[in-house]
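Letter 65 of the sequence shown, counting from 1, is numbered 64 in numbering that gives the first Met the number 0, and no numbers are missing. Even glycine gets a Cβ: it sits at the ideal position worked out from N, Cα and C. Written out below as structure tokens is the structure these notes cover.
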Amino acid sequence: MRLPACSVCKQKWTWKETWQASLRLDTRIPCPKCQSSQFITKNSRCRLMIFTSPLLLPILLPLTSLSPVLIFLLWGLLLLTYITLYPYFVRLADEEEDHFTEPLKKQN
């Protein structure tokens with residue numbers, strides 16, 4: 000696993016820079032080194048969605064006979080794992096990739 004790198008200046012981002020960038024509401028993320036606009040790639044967003052899905056597991060756990068304390072600890076462990084590993088799943092591009100129009104462009 001590796002941290003993301005700017006697609007323009009090729010400088011690796013730190014774990015903290017990646018997390019700070021992911022908390023932005025804008026899809027454009029300025030590179031902390033060269034200030035060029037970066038975007039999270041489409042494949043990276045898909046991987047992140049799959050990686051995020053286990054965080055929903057504790058919603059179903061009350062249906063089991065596990066104690067609430069154990070459910071809370073399990074969810075905390077999942078959340079801590081997500082926070083720690085998230086930056087390693089991010090990949091960057093200098094153009095925004097659209098989920099919906101890319102398949103249409105390939106057909107034409």
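Buried versus exposed call for residue i [16 or more other C-beta atoms within 10 Å across all chains shown]
| i | result |
| --- | --- |
| Thr83 | exposed |
| Pro86 | buried |
| Phe88 | buried |
| Pro3 | buried |
| Ile39 | buried |
| Ile28 | buried |
| Trp14 | exposed |
| Thr17 | buried |
Sequence-distant residues of the same chain with beta carbon closer than 6 Å to residue i, five excluded per side
| i | result |
| --- | --- |
| Leu77 | Pro53, Leu54 |
| Cys30 | Cys5, Gln37 |
| Leu47 | Phe88 |
Where the beta strand (DSSP E) containing residue i begins and where it ends
| i | result |
| --- | --- |
| Gln37 | 36 to 39 |
N-terminal and C-terminal residue of the alpha helix (DSSP H) that residue i is part of
| i | result |
| --- | --- |
| Thr80 | 67 to 88 |
| Gln19 | 14 to 21 |
Sheet register partners of residue i (DSSP bridge)
| i | result |
| --- | --- |
| Pro53 | Answer by DSSP bridge pairing: none, since Pro53 is not bridged. |
| Lys11 | Ala4 |
| Pro29 | Ser36 |
Cβ distance (whole Å) where residue i is taken to contact residue j below 8 Å
| i | j | result |
| --- | --- | --- |
| Cys5 | Leu91 | 6 Å |
Same chain, Cβ closer than 8 Å to residue i, neighbours up to 5 away in sequence not counted
| i | result |
| --- | --- |
| Thr51 | Tyr81 |
| Glu96 | Phe38, Thr40, Lys41 |
Cβ of residue i within 8 Å of any chain B Cβ
| i | result |
| --- | --- |
| Cys45 | Of the protein chains in the structure, only one exists, and it is not chain B. |
Residue i Cβ short of 7 Å to the ligand ATP heavy atom set
| i | result |
| --- | --- |
| Leu2 | Looking for the ligand ATP in the displayed structure turns up nothing, as the structure carries no ligands at all. |
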